[in-house]
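For reference, each letter of the sequence shown is one residue, going 35 to 791 in this note's numbering. Just so you know, even glycine gets a beta-carbon here, dropped at the ideal spot from N, CA and C.
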Amino acid sequence: MTATKISYATCPLCEATCGLEIETRDREIISIRGDAQDVFSHGYLCPKAYSLKELHADPDCIREPMVRRDDQWISVSWDDAFAEIERGLMPILQEHGRDALAVYVGNPNAHNIASLLYLPAFLQSAKTHNFFSASTVDQMPKHVTAGLMFGTLFSIPVPDLERTEYLLLLGANPLVSNGSLMTAPDMRGRLRRLRQRGGKVVVIDPYRTRTAQEADEHYFIRPGHDAHFLFALVHTLFDEGLVAPGTLTEHIAGLEQVRILAEPFTPEWVATTCGIAASTIRGIARELAAAPRAAVYGRIGTCTQAFGTLSSWLVDVLNVLTGNLDHEGGAMFPKAAAGSRNATGTPGHGRGVRFGRWKSRVRGLPEIYGELPASCLAEEIDTPGQGQVKALITLAGNPALSAPNSDRLQRALSTLKFMVSIDIYLNETTRYANVILPPPPALAHSHYDLALYQLAVHNVAHYSPPVIEREPGALDEWELFLRLAGILAGQGYNANPHAVDDFVVTTLIQREVTTAGSIIENRDAGELLEALKPRRGPERMLDFLLRSGPYGDAFGRQDGISLATLEAHPHGVDLGPLQPRIPEVLRTPSGKIELAPQPIVEDVERLRTSFEQSLARGNGHMLLIGRRDLRSNNSWMHNLHVLTKGKERCTLHIHPDDAAQLGLVDGNMASVASRTGSLEIPIEITDAVMPGVVSIPHGWGHTLSRTKTRIASEHAGVNTNILTDEVEVDPLSGNAVLNGIPVAVEKVLTESSHHAS
Ligand SMILES: Nc1nc2c(c(=O)[nH]1)N[C@H]1C(S)=C(S)[C@@H](COP(=O)(O)OP(=O)(O)OC[C@H]3O[C@@H](n4cnc5c(=O)[nH]c(N)nc54)[C@H](O)[C@@H]3O)O[C@H]1N2
Ligand SMILES: Nc1nc2c(c(=O)[nH]1)N[C@H]1C(S)=C(S)[C@@H](COP(=O)(O)OP(=O)(O)OC[C@H]3O[C@@H](n4cnc5c(=O)[nH]c(N)nc54)[C@H](O)[C@@H]3O)O[C@H]1N2
Ligand code: SF4
Ligand SMILES: [Mo]
Numbered sequence: 035m036t037a038t039k040i041s042y043a044t045c046p047l048c049e050a051t052c053g054l055e056i057e058t059r060d061r062e063i064i065s066i067r068g069d070a071q072d073v074f075s076h077g078y079l080c081p082k083a084y085s086l087k088e089l090h091a092d093p094d095c096i097r098e099p100m101v102r103r104d105d106q107w108i109s110v111s112w113d114d115a116f117a118e119i120e121r122g123l124m125p126i127l128q129e130h131g132r133d134a135l136a137v138y139v140g141n142p143n144a145h146n147i148a149s150l151l152y153l154p155a156f157l158q159s160a161k162t163h164n165f166f167s168a169s170t171v172d173q174m175p176k177h178v179t180a181g182l183m184f185g186t187l188f189s190i191p192v193p194d195l196e197r198t199e200y201l202l203l204l205g206a207n208p209l210v211s212n213g214s215l216m217t218a219p220d221m222r223g224r225l226r227r228l229r230q231r232g233g234k235v236v237v238i239d240p241y242r243t244r245t246a247q248e249a250d251e252h253y254f255i256r257p258g259h260d261a262h263f264l265f266a267l268v269h270t271l272f273d274e275g276l277v278a279p280g281t282l283t284e285h286i287a288g289l290e291q292v293r294i295l296a297e298p299f300t301p302e303w304v305a306t307t308c309g310i311a312a313s314t315i316r317g318i319a320r321e322l323a324a325a326p327r328a329a330v331y332g333r334i335g336t337c338t339q340a341f342g343t344l345s346s347w348l349v350d351v352l353n354v355l356t357g358n359l360d361h362e363g364g365a366m367f368p369k370a371a372a373g374s375r376n377a378t379g380t381p382g383h384g385r386g387v388r389f390g391r392w393k394s395r396v397r398g399l400p401e402i403y404g405e406l407p408a409s410c411l412a413e414e415i416d417t418p419g420q421g422q423v424k425a426l427i428t429l430a431g432n433p434a435l436s437a438p439n440s441d442r443l444q445r446a447l448s449t450l451k452f453m454v455s456i457d458i459y460l461n462e463t464t465r466y467a468n469v470i471l472p473p474p475p476a477l478a479h480s481h482y483d484l485a486l487y488q489l490a491v492h493n494v495a496h497y498s499p500p501v502i503e504r505e506p507g508a509l510d511e512w513e514l515f516l517r518l519a520g521i522l523a524g525q526g527y528n529a530n531p532h533a534v535d536d537f538v539v540t541t542l543i544q545r546e547v548t549t550a551g552s553i554i555e556n557r558d559a560g561e562l563l564e565a566l567k568p569r570r571g572p573e574r575m576l577d578f579l580l581r582s583g584p585y586g587d588a589f590g591r592q593d594g595i596s597l598a599t600l601e602a603h604p605h606g607v608d609l610g611p612l613q614p615r616i617p618e619v620l621r622t623p624s625g626k627i628e629l630a631p632q633p634i635v636e637d638v639e640r641l642r643t644s645f646e647q648s649l650a651r652g653n654g655h656m657l658l659i660g661r662r663d664l665r666s667n668n669s670w671m672h673n674l675h676v677l678t679k680g681k682e683r684c685t686l687h688i689h690p691d692d693a694a695q696l697g698l699v700d701g702n703m704a705s706v707a708s709r710t711g712s713l714e715i716p717i718e719i720t721d722a723v724m725p726g727v728v729s730i731p732h733g734w735g736h737t738l739s740r741t742k743t744r745i746a747s748e749h750a751g752v753n754t755n756i757l758t759d760e761v762e763v764d765p766l767s768g769n770a771v772l773n774g775i776p777v778a779v780e781k782v783l784t785e786s787s788h789h790a791s
């Protein structure tokens, strides 16, 4: 028997980036533990990490390329799969143009270095305007405000958790989600320490979450009313003379405009709709102003709603007005070792961001950072006319469950002429594909969190090589991307990915040496390319990004890091606590923090006039929200016994008062109906949810035919996105509204199956 081996790697499952210690024998995982020496997570793990072992051995996982012939899936060679894609896809593009292809990129790509590095090249070859991603069912409002206020899409301030003394959290449940746009392993430990040093945590959420239970104070808010509430805080700060941006003053533009915009939002007015008393609002504003180190943080509950961008903007406005932005213990800008646009080029100003360079064909919604809203995907497929989408490529995405109005989207997917998926499961989305390409298993490729370290509460860099050797003949994810790119670029199905890779890295180097202010400005590109040898693929790109990044060795010109440094530190490299970065971090054309960007200012009127509408009450106006569960991960970790065993979790949470009024009984079934559809679901009565609000988790509903996820179908649940409405978006970001959906709830008289078909 071969000896066992111990490896260290980063958990790829959520944004916390915990360090794993993994024992393997050949390609088998023997055990997974927290890496006690990890510089960031210090051994912390959540229950999901252990499930990587079962995931790795899941018999339902796709291991070979598959081609669908009618309703039969057959395994084929890689060459045959790519040839099939070329035969299926290219005639459609030749006949109908490039926009006939849509691309949808799902959440796991955010954790995948190959995707992050090679997606741009792939999209360049695809040459379609119809690019969609999970970002517009998630955090796009944060990218919009980051771009407009600070100049780049990832300039998102994060709470300096290690030093803050007052944390106001809205629409986030980091004790369950393990944090988002705030990379911080062990949120429970971090919040405990915050409180132990005398700090205070206040949670604003229509649900009394685990995070709320651990906080000092929790207030229910009516879903979708965060912008009202936050504006009332801003109003109070001005009203009571508490605005104190301190050293930020010389770096901000638009302060007076913010004051004028906040004028109508008195706490008394706002209290009538948001459900939080005026005295409480004033109290929170005063505490926020008085705390020496405070941070306001808003996450998905504040993004996936009709005022997502306004709410996200107001979060940062409050951090500025109280002088906490960019200050120790406030909301600070991480400085990532690689790939961060606010750490390259000339410090202090830049080109800023521009949106709406093209519009979606059917609804005319603007492009944001090259993307169109996922809420538009169905209509782009099912609305005939010039430019109609006829083919789709999904990359690690399950929009059939995760995007709004999934019934319509699923119907649309069934009409596609050709579809390709890179995925590990035959699931609700990939069942419509003609070809499925499997990536290597999670632990069989290298890992570096290019995106998430840009959001980390402590500056770290951690690279891990593959823990498990790839099966002979299996392709790495970057090779999949580049072979698809080769097909789309007209180079044929067997174009050599290595040649494309050389081209991609040369372009990258070329761009950096001609960037004013870069630490490798004016260097010889050919020489640098030579210096990266013999690396290739993501490792070569990463080495380049690290060496030309803010801690880089500038290819020998200075003391600094390279990929070799990270390879020598298997538990990660600690790059220190967050440091103040203003004005250097800014990339706005003015070189200022834009406190009142024009598009945002123009949207305030919509908020102001939304009051009447939001006063509607009663059944038909119950508001549906989502919830996350520690042992789940969006739609795709339900095929694992370790995570699904136990009591059913896909239930309707409803307040006892509402249940009594509607005659609902715990454990019985309720029907829930919205504009887009209806479903039946078991009732769970709990006063953790705000009266007038009901909650259903997303990512369930594994009842569909022609899928192959055996365990998931035994714990099927229902798909809440049958109820969410693709028509409702946050206009500035195009983000889907997935919380605060008006629904009617009724008891189901006959005891019927809760499995929606
Ligand atoms: N109602 C409601 N809807 C929501 C949300 C909500 O809160 N409420 N949340 C939204 C959010 S935040 C998000 S991010 C989206 C997620 O939306 P999606 O990204 O569309 O969905 P996921 O469930 O993350 O699906 C991931 C897909 O990738 C596959 N996969 C897993 N690992 C890998 C891998 O290593 N490589 C490849 N190639 N494939 C892999 C899985 O099989 C699955 O098909 O859902 C959104 N939908
Ligand atoms: N265990 C687990 N972890 C995950 C995931 C998972 O599915 N399961 N998904 C991952 C992904 S893709 C993401 S994006 C992150 C998300 O991470 P978080 O943002 O922390 O997500 P949630 O836990 O859904 O918390 C959102 C909270 O918003 C509340 N909420 C709903 N509507 C409103 C509203 O209008 N206003 C306010 N103030 N609150 C509202 C909900 O009640 C909920 O408590 O989690 C990641 N981590
Ligand atoms: S918290 Fe996230 S990164 Fe950490 S072990 Fe759990 S799933 Fe993995
Ligand atoms: Mo997400």
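Taking the beta strand (DSSP E) that residue i falls in, what are its first and last residues?
i           : result
residue 687 : 686–688
residue 522 : That residue, residue 522, is in no beta strand (DSSP E); its alpha helix (DSSP H) goes 511–522.
residue 800 : A query on residue 800 cannot be resolved here, the shown segment of the chain reaching from 35 to 791 and no further.
residue 116 : Here residue 116 belongs to no beta strand (DSSP E); instead the alpha helix (DSSP H) covers 112–130.
residue 44  : 39–44
residue 471 : 469–471
Starting from residue i, follow the alpha helix (DSSP H) in both directions and report where the run begins and ends.
i           : result
residue 11  : Given a span of 35 to 791 for the chain in the structure shown, any question on residue 11 remains unanswerable.
residue 82  : 81–91
residue 176 : 174–184
residue 415 : 411–416
residue 312 : 312–324
residue 353 : 342–355
residue 162 : Taken as a continuous stretch (DSSP letters only), residue 162 belongs to no alpha helix (DSSP H), as it is neither H nor E.
residue 796 : Given a span of 35 to 791 for the chain in the structure shown, any question on residue 796 remains unanswerable.
residue 295 : 289–296
residue 532 : 531–547
residue 561 : 559–565
Is it buried or exposed, residue i, if we count other Cβ atoms within 10 angstroms and call 16 or more buried?
i           : result
residue 517 : buried
residue 294 : exposed
residue 223 : exposed
residue 783 : exposed
residue 213 : buried
residue 679 : exposed
residue 35  : exposed
residue 791 : For residue 791, the predicted model reports a pLDDT of 39, less than 50, meaning its position is unreliable; a value from the coordinates is still stated below. The residue in question, residue 791, is exposed, as its Cβ has fewer than 16 Cβ neighbours within 10 Å.
residue 787 : Residue confidence is low: residue 787 scores 46 on pLDDT, short of 50, so the model does not pin down where it sits. No coordinate-derived value is stated.
residue 347 : buried
residue 62  : exposed
residue 82  : buried
Please confirm whether residue i and residue j have their CB atoms less than 7 Å apart.
i           : j           : result
residue 548 : residue 185 : no
residue 235 : residue 201 : yes
residue 688 : residue 715 : no
residue 668 : residue 733 : yes
residue 531 : residue 508 : no
residue 254 : residue 724 : yes
residue 108 : residue 87  : no
residue 554 : residue 561 : no
residue 641 : residue 261 : yes
Determine, for residue i, whether the minimum Cβ-Cβ distance to residues of chain D falls below 7 Å.
i           : result
residue 242 : Note that chain D does not occur in the displayed structure, where there is just one protein chain.
Just checking, does the segment 247–255 make contact with the segment 686–705 on the three C-beta pairs under 8 Å criterion? no
Any contact of the segment 70–82 with the segment 44–56, i.e. 3+ C-beta pairs under 8 Å? yes
Where are the alpha helix (DSSP H) runs, 4 residues long or more, that stay fully inside the segment 360–412, in chain order? none
I want to know whether the segment 268–281 touches the segment 332–347 - three or more CB-CB distances under 8 Å. no
Cβ pair count under 8 Å reaching 3, the segment 465–474 against the segment 90–99: yes
Hey, is the segment 255–275 in contact with the segment 291–307, meaning 3+ C-beta pairs nearer than 8 Å? yes
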